[in-house]
DNA sequence: CGCGAGTACGTACTCACGGTATGCCCACAT
DNA sequence: ATGTGGGCATACCGTGAGTACGTACTCGCG
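Residue numbers (our numbering), protein chains in the order written: chain A, 99 to 328; chain B, 99 to 328.
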């Protein structure tokens, strides 16, 4: 009863429904903190970025920071999650509209290559992520964002090849491709000419995919210890 | 003249030729520092390991540490280089004796998979390396050790397939495989049953290699934009 | 409209840790 | 035998993460 009329009693602000002024202000400073932290972490790295610099950039004090986050690492995690989810969204967007699994794969590849060239993704996710979060948390996070996309692509490709593998092997394939593309991303963003490097990567990966297609057409069976001639 | 009789004038110790007692003592403490640092870095990570703990473990003081190393990061680099060179040596040893490039590749794969399961390699090189050393230094180091081995394998495989690619594309292939194997190593060491996981990895990689062999036999040309059907 | 309550911060401090400055001691060359 | 410098120990400093506590303003209610 007393709650039913909340929408009238509490002052509302157009942008964010269901929030009081206090909550809005709070959310604003929290966002400012994450924004500034993302920028400074990307520029100077985690260790070299002091909380003082962050709160100064956000024009607040440490009291505010420690009100919203339990510490420096928690703040980093907030930044990390945002960068990761943005990346995952970008990739997912690129996947949409492709029905053919091979096209889907190349589209996903291109999207991933562009994501992996963003400074913030490189620095925060790839470079600092494992060290700051620890390997376990890092993998958990990736598992349900970027890696999930790769896994989906691999599934569709494997399905297209009429291969029916168990879950573990599928995951292994996905891991391998994920690592391959991460490394590929490095060779792109580290190159003096990223465009040429990106073309090389697409050629290389495309060639691997072509090998798969060839095997699919010739109806090779995929089982442990199978394909290798030894 | 005065130098010609050095071998008689300076006290020698059997184990290390050409070193005075002082130099030996010095080398011993330096080694102790690196040993303890490697252990603690592996256990608790870089940030969570204090210099006080290291010097206590090595039974020296910070004066000794700063005499041998310019700082914490320099000490880490010494540890890093040792772990990396050990890994490279192990892989190179596994490569010896194999003439057939495909056998060589699988042998290298197995060696790499075992290396990547060592806690110290995982923690110091993979997890902390990029963050502590920075991406540039990290890649420099890998370039001339572990990655060099992968590159060599890729070269021999490509040569066996009669493919003649330019340097950039070869490097790209090597990068991709390097990343693939790194990731594969994770899925092995992170699995509840590493033996099964390792078998899965070998199956997956073997399958990719089989795809290559298939393409090689059918004489596919490898050029930018070539193999993909799109 | 005021008023108690609690949220959202600000301020001032602590303490751990990386790094530095300085001095001592003993092996080593002469 | 002796000075000299390498090899280390000790004492100190600055920075920065985290904490304790104070304060003001918003909110919900009578």
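Beta carbons are placed, not taken as given, at the ideal position from N, Cα and C, and that holds for glycine.
None of the values given here were measured: they were computed from a predicted structure.
Considering only beta carbons, the part of the stretch 177 to 209 of chain A lying closer than 8 angstroms to chain B consists of 200, 201 and 204, in chain order. When CB distances to chain B are screened at a threshold of 8 angstroms, the residues of the stretch 266 to 284 of chain A falling below it are 266, 267, 269, 270, 271, 273, 274, 275, 276, 277, 278, 279, 280, 281, 282 and 284, in chain order. Considering only beta carbons, the part of the stretch 296 to 309 of chain A lying closer than 9 angstroms to chain B consists of 297, 298, 299, 300, 301, 302, 303, 304, 305, 306, 307, 308 and 309, in chain order. Identification of chain A residues near residue 229 of chain B by a Cβ-Cβ cut-off of 9 angstroms yields 143, 144, 145, 225, 226, 227, 228, 229 and 230, ordered along the chain. The CB of residue 312 of chain A comes closer than 9 angstroms to the CB of 309, 312, 313, 316 and 318 in chain B, given here in chain order. In terms of beta-carbon proximity, residue 164 of chain B stays away from the interface with chain A, with every pair separated by 8 angstroms or more.
The beta carbon of residue 233 of chain B sits closer than 8 angstroms to some beta carbon of chain A. Judged by DSSP secondary structure, residue 267 of chain A falls within the alpha helix (DSSP H) whose first and last residues are 265 to 287. In the displayed model, residue 133 of chain B falls within a helix according to three-state DSSP.
The beta carbon of residue 243 of chain A sits closer than 8 angstroms to those of 182, 183, 185 and 186, all from its chain and outside the five residues before and after it, given in chain order. Taking all protein chains in view, the Cβ of residue 269 of chain A is crowded by 16 or more other Cβ atoms within 10 Å, so the residue is classified as buried. When C-beta atoms of the stretch 152 to 162 of chain A are compared with those of the stretch 219 to 239 of chain A, fewer than three pairs fall below 8 angstroms, so the two segments do not count as touching. Distance between residue 222 of chain B and residue 125 of chain B, taken at the CA atoms: about 23 angstroms.
Remark: fewer than three beta-carbon pairs, one from each stretch, lie closer than 8 angstroms, so the stretch 245 to 258 of chain A and the stretch 235 to 254 of chain B are not flagged as touching. DSSP places residue 170 of chain B in the uninterrupted alpha helix (DSSP H) bounded by 170 to 193. The beta-carbon distance between residue 314 of chain A and residue 277 of chain A, rounded to whole angstroms, is 22 angstroms. This is too long to meet the 8 angstroms contact definition.
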